[in-house]
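Written out below as structure tokens is the structure these notes cover.
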Amino acid sequence: MLMLAVAAMAQTAYTIENLPNPKDNGSGYVSDPDGILNAQDRSTLNALCSQLEQNSTAQVAIVIVNSIGQENPKDFATRLFNHWGIGQADVDNGLLVFSVMDQRRTEFETGYGLEGVLPDVICYRIGMQELVPYFREGNYGAGLIAATQRIKETLENPETIEEIRSSGQPRQMIDGVPDGLVWYAVIDTLFVLFLIIWLIYTNYSKQELYDRYMMVRKVHSWIFILLFPLPYALFYPLLSRHLKKLRNQPRYGRKTGAIMHKLHEVEDDRYLELGQVVEEHLGSVDYDVWITEDEEDILILPYKKRWSKYKACPKCQFRTYALSDTNVLRNATYSHSGKKEVIHTCKNCNYRNRRIVVIPKKTRSSGGGGSFGGGGGSSFGGGSSGGGGAGVSW
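In the UniProt record's numbering, the protein residues as written are 1 to 394.
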């Protein structure tokens, strides 16, 4: 015990100024100066963070240290976040996952722009569900990977990307309500009541089946944010069955009133435009084609996929447009900025958009300065945090 105490006293107690910034040594996202993680875990975490930044522009820094002395981890995380400038300066879409081993504490610190997508309660639940079980077993790499993967899945939801990319506003905190948990419980209860009433309404509504389906689907998206993860897991099968029922319920032709039947995926291609067939092939949109026996009535219904990387093409408007290539034209150095070529291509009409993006100069600091740059660059970009997020202990 005495040897352990001496070892603990001898370990480095990091400060904001001397904690190594991962961007100072390249384009990484993980700062592990004490070597707590193995090389494979660091590589996996860097890859996840890089993919997330490319897909959504949100930027994540992961820091794990043995000690920060007597400092409070939450206060330290907020100051470190702002010192490094995690996230894009104009949208504040950064996240810091900060673990302090001797205090057995991990803080999830969010920038202003992520507070609507990753509110305190979701950060807390991700920590408790994904990180804490592994940390209690001493498997720190697996815990950070699991938490980062869950964060990545949440932020890469296309329905939240626009919010991530748009300017965030500082949240308004209510005195005496820790982490907003009381308000969350109230909202959660009200939302469940609303959901039950909503399902009853959509089941008996006289609106078109497709319109009812889309209404339920919109509510389905909000459930992930408000009820994640356990209540969400309970309601997900119920909503999925309801959506499936609405989508496959028999329809009647508007012209003749005759009953319609839905074609199989292969059969329906001859009724679709070429761009629609390409969308189905890419998985960005799924089309249902309903026809009457005499083919007098034909109904084509689009169902956009939530998790597709493809967007509407500026030229043909089909959801077949995505990032196809990125080429570094000039590497950034400490004396000058770099350049990279970003190319987006349409798989349908072959429209191609090429633009040049500036890679910020590398920055030197006394151990912890710098700022995050876009696209996994060699510096961070000036984001800031107002103290949003949550912490967990293990």
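Even glycine gets a Cβ: it sits at the ideal position worked out from N, Cα and C.
- Within the model, the alpha-carbon separation for residue 259 versus residue 210 is close to 16 Å.
- At a Cβ-Cβ threshold of 8 Å, residue 109 and residue 77 count as neighbours.
- For residue 293 and residue 267, the gap between their C-alpha atoms comes out near 14 Å.
- Under the criterion of beta carbons closer than 8 Å, residue 289 and residue 262 qualify as touching, at roughly 7 Å.
- Per DSSP, reduced to three states, the secondary structure at residue 238 is helical.
- Just measuring C-alpha positions, the residue of 106, 93, 149 sitting nearest residue 112 is 93.
- One Cα belongs to residue 325, the other to residue 345, and the distance between them is close to 9 Å.
- Restricted to the UniProt domain "TPM" (30 to 153), the alpha helix (DSSP H) segments that are unbroken, complete and at least 4 residues in length are 39 to 56, 73 to 84, 120 to 126, 132 to 136, listed in chain order.
- For residue 122 and residue 88, the gap between their C-alpha atoms comes out near 22 Å.
- DSSP, read as helix, strand or coil, puts residue 339 in strand.
- If you check the CB distance, residue 106 and residue 391 come in under 8 Å.
- If you draw a straight line from the Cα of residue 269 to the Cα of residue 275, it comes to about 11 Å.
- In this model, residue 296 and residue 272 are separated by some 16 Å (Cα to Cα).
- Note on residue 352: under 16 other CB atoms within 10 angstroms of its CB, so exposed under the neighbour-count rule.
- Residues of the same chain with a CB within less than 7 Å of the CB of residue 135, apart from the 5 flanking positions on each side, are 143, 394 in chain order.
- Distances from the CA of residue 317 to each of 246, 282, 348 were compared; the closest alpha carbon is that of 348.
- Distance from residue 65 to residue 97 at the Cβ level is roughly 12 Å; contact not present, criterion being Cβ atoms closer than 8 Å.
- Taking 8 Å as the cut-off, the Cβ atoms of residue 95 and residue 151 count as close.
- Less than 8 Å separates the beta-carbon of residue 147 from that of residue 127.
- Residue 59 counts as buried, since at least 16 other C-beta atoms from the protein chains shown sit within 10 angstroms of its C-beta.
- By the 16-neighbour rule on beta-carbons within 10 angstroms, residue 338 is buried.
- Residue pairing from DSSP places residue 261 in a beta bridge opposite 291.
- Distance from the CA atom of residue 130 to the CA atom of residue 321, rounded to whole angstroms, is 34 Å.
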